[in-house]
Amino acid sequence: MGFSDADMMGRGGKTGSGRQASESQENQMRRERLRKLALETVDLNKDPYFMRNHLGTYECKLCLTIHTNEGNYLAHTQGKRHQQNIARRLAKDAFEQQGLHPGASKTDPKTQKKSCKDWTSGLPCDKAEVC
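Next comes the structure, spelled out in structure tokens:
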């Protein structure tokens, strides 16, 4: 009794037999293709956050993460966490260029009026002077 090709379809098979790759294998191949493409197109010497440490691993100075190879580092740079940290850094730099710190207010604390609150009700008190 022989089996036809239709009987063996979807039941695995030998490598190179022409069967379709599983979803996890497709994801792995896609990630590897993207990693190789990124290695060809991105110059890591120009990346301000890229650092190779004395152990031979790679570090992202922005996110404080350690990566085993350049491909993993490049995959990290495309990720959500790294992109959020870059946005946070750009916002911080914009504040510093305006002469402000992220937690500072634009008004001068010496000229701000002090208000008194009645601690029992949480409303401003009726006293004329500042408490």
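This note's numbering puts the first residue of the sequence shown at 346, with every later residue one more than the last.
We put the beta carbon where it would ideally sit given N, CA and C, even for glycine.
(1) Using the Cα positions of T413 and Q443, report the straight-line distance between them to the nearest angstrom.
(2) Quick check on this structure: which residue in T402, C408 and H399 has the alpha carbon closest to the alpha carbon of N430?
(3) What residue range is occupied by the uninterrupted beta strand (DSSP E) comprising Y403?
(4) Let me confirm a value: T386 is counted as buried when at least 16 other C-beta atoms fall within 10 Å, else exposed. Which label applies?
(5) By DSSP, does T413 sit in helix, in strand, or in coil?
(6) Taking the alpha-carbon of D388 as reference, which of G416, K406 and K425 has the nearest alpha-carbon?
(7) In whole angstroms, what separates the C-alpha of E377 from that of R426?
(8) When the Cα of L379 is compared with those of R434, E404, F440 and Y418, which residue comes out closest?
(9) Compare the C-beta of T413 against all C-beta atoms of chain D and say whether one is closer than 8 Å.
(10) When the distance is taken between beta carbons, is M374 closer than 8 Å to A366?
With the given structure in hand:
(1) Computed Cα separation, rounded: 39 Å.
(2) If you compare the alpha carbons of T402, C408 and H399 with that of N430, the shortest gap goes to C408.
(3) Y403 to C405
(4) With fewer than 16 other CB atoms across the displayed protein chains lying within 10 angstroms of its CB, T386 is exposed.
(5) coil
(6) G416
(7) Annotation: E377 to R426 spans about 20 Å, alpha carbon to alpha carbon.
(8) The option with the nearest alpha carbon to L379 is Y418.
(9) The displayed structure is made up of one protein chain only, and chain D is not part of it.
(10) yes
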